[in-house]
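Numbering (the working numbering), first residue to last: 29 to 700.
First the structure, in the form of structure tokens, and then the observations on it.
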């Protein structure tokens, strides 16, 4: 078995009350030293300006042309056009008094203007502060004031959110620039607050003679990226030019060693939030390589239609998206008839065996790829050659399916805003890494620290503990929050809060979360994310939230049923009603509770980890109600507050000592 990490330091046993830690490891491709950002590239602006010189006429940024309300094909701006526009916008920022090191906000969903505004900031050495397009007025107000943003680029449909908080932001915010147009009414309201307001076109024409591009330094702050956060106020993660560049160059280095690097022939589908470091790094890498970036329309209903129109070669996603793709493909397979299903299963098993033997995905069964699996490849447009998953662990059965059927390299990684996106990545075409997040990237080194209270020992035969990082792509602190830095940066190591397990081949497997644990009344520790991951293997649900506390001895849950499956069960069991009515029906809740616990038993969950009650929620957890982050992580305090306020009833079924069913109703409010 090939090992993909090298040990650079031995581990240590506990000293006094300090936890022990295991050996320090690096990627095998960084065994002689961590990858540094290259000389001559001082900021991301050089990544872009270099490509503009090499590939001036290449398609860079594209969006679908809308005529009479109907989206057509993609229309493109070249590298040369974007370069000239970024210089004009950058000069406009300088004209507004924004200088090197000052802060500029970008608020909206992915579009060409977002990237141009980012590059304009890079051109003048202005710190870019990104705001998620899903943020409400309160969060927008906090970030603008906390980071002291003086100019904000705002998507047209977000101007109303800015207006709601403008009276409390005007002490710092002096200029608003719309991605498109502004109405006369909006301009009046903004100017009444003492703030200037421009349309995109007006701002472009603000300066006749462009300002010179100032020299920049690798240690300058490139961006303050506010984490979406599952608890409390957002944290402003400080990322330097050096960290951004090193992360981009790491992508090039890893792909050069293990697969195929991006080229100017590649195209990338932009829909994950640019305000999140995951997507921003990949778009910077595409720009560095002269590739094209096509944007979605901003509506999830047309996501697959946009993909079909763009036909990207590179696709980044989060588990929730991949799970939807997996479910949709399987539904088509199931509706294809018995013969088709048997042929597909034969092809699947044959290719899977060859991949387990070590063959690359494109070598495992090229004939069956052309005969069977090319149809699945068409779901993603027909040209995708690399798919990358991040933000949360992807279910193993979904990852296996996509590795086998999409005719594409599939890579899972792990990262945080504090690690400037990915800090672990799977090696392309190494099938034994399935179910893991791979090995450390070439810019960082990693170790595990024991967590005795959770039973994790970093020096045991199966090393487990909190993942800790140090290296060249880590953040430089939290903006104005030294107290938070002291909590997570200890002896030069960043403590991630995630629990990992080193596997024999050097890959890391995420198994738990240190911060999301609680005790039940009998003293048992519960890690809800682990349980949710298990319960999500039930095909009847699309999301599950598990809740409990130290005042009770059992767990309850809220589940989002899979609509089609629940309706099919209802039709077969004489249960009538629409989807919302089915979710309220006692038989439905009993059925799904039993199925969830059957899955729990299959995954060897302990008795206290089984759900004793479930509420079926017809509406998915969403960002609009602040129940999930933009990367689809559950916001646990907000979920509790939301369902407690609604006084949601859960229903619990169990056998009493007299062996007859007893229904017990209780309120979430009783648990807190």
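Using N, Cα and C, we set each Cβ at its ideal position, and we do this for glycine too.
query: Cβ-based burial, residue 653 [other Cβ within 10 Å; buried from 16]; result: exposed
query: Pairwise C-alpha distance: residue 452 and residue 536; result: 8 Å
query: Test item: CB-CB of residue 89 and residue 144 under 9 Å; result: yes
query: Inter-residue Cα distance where the pair is residue 222 and residue 253; result: 27 Å
query: Bridge partner(s) assigned by DSSP for residue 94; result: 99
query: Alpha-carbon spacing of residue 599 relative to residue 639, whole angstroms; result: 26 Å
query: Residue range of the unbroken alpha helix (DSSP H) whose run includes residue 540; result: That residue, residue 540, is in no alpha helix (DSSP H); its beta strand (DSSP E) goes 536–541.
query: Whole runs of the beta strand (DSSP E) within the region 30–76, excluding any shorter than 3 residues; result: 33–37 and 52–55
query: Residue 193 in three-state terms, based on DSSP; result: helix
query: DSSP bridge partner residues for residue 611 (one or two, in chain order); result: Partner(s): none; residue 611 has no beta bridge.
query: Sheet register partners of residue 662 (DSSP bridge); result: 656
query: Residues near residue 40 by beta carbon distance below 7 Å, same chain, minus five either side; result: 48 and 49
query: Beta-carbon gap between residue 182 and residue 204 smaller than 9 Å; result: yes
query: Residue 271 in three-state terms, based on DSSP; result: helix
query: Beta-bridge pairing of residue 416 - partner residues as DSSP gives them; result: 344 and 439
query: Helix, strand or coil at residue 120 [DSSP, three-state]; result: helix
query: Pairwise C-alpha distance: residue 471 and residue 36; result: 14 Å
query: Three-state secondary structure (DSSP) of residue 372; result: helix
query: Residue 120 classed as buried or exposed, judged by whether at least 16 other C-beta atoms fall within 10 angstroms; result: buried
query: Bounding residues of the alpha helix (DSSP H) (the contiguous stretch that carries residue 327); result: Unbroken run through residue 327: none, as it is neither H nor E.
query: Same chain, Cβ closer than 7 Å to residue 261, five either side skipped, listed in chain order; result: 170
query: Euclidean distance between Cα positions of residue 577 and residue 558; result: 16 Å
query: Endpoints, alpha helix (DSSP H) assigned at residue 306; result: 305–317
query: Status (buried if at least 16 other CB within 10 Å, exposed otherwise) for residue 631; result: exposed
query: Given residue 322 as reference, the closest of 512, 305 and 341 once Cα atoms are compared; result: 341
query: Beta-carbon proximity check, residue 527 vs residue 482, cutoff 9 Å; result: yes
query: Boundaries of the alpha helix (DSSP H) in which residue 232 is found, first to last residue; result: 228–232
query: Simplified DSSP assignment, three categories, for residue 643; result: strand
query: Supposed close pair residue 587, residue 572 - CB separation, criterion 8 Å; result: 5 Å
query: Cα-Cα separation between residue 660 and residue 651, rounded to whole angstroms; result: 8 Å
query: Proximity below 9 Å, CB of residue 73 to CB of residue 151; result: yes
query: Length of the line joining the Cα atoms of residue 118 and residue 616; result: 58 Å
query: Three-state class that DSSP yields for residue 105 in the structure shown; result: strand
query: Residue of 584, 33, 231 and 552 minimising C-alpha distance to residue 560; result: 584
query: Whole-Å CB distance - residue 287 paired with residue 392, under 8 Å assumed; result: Incorrect: roughly 15 Å between the Cβ atoms, too far for contact.
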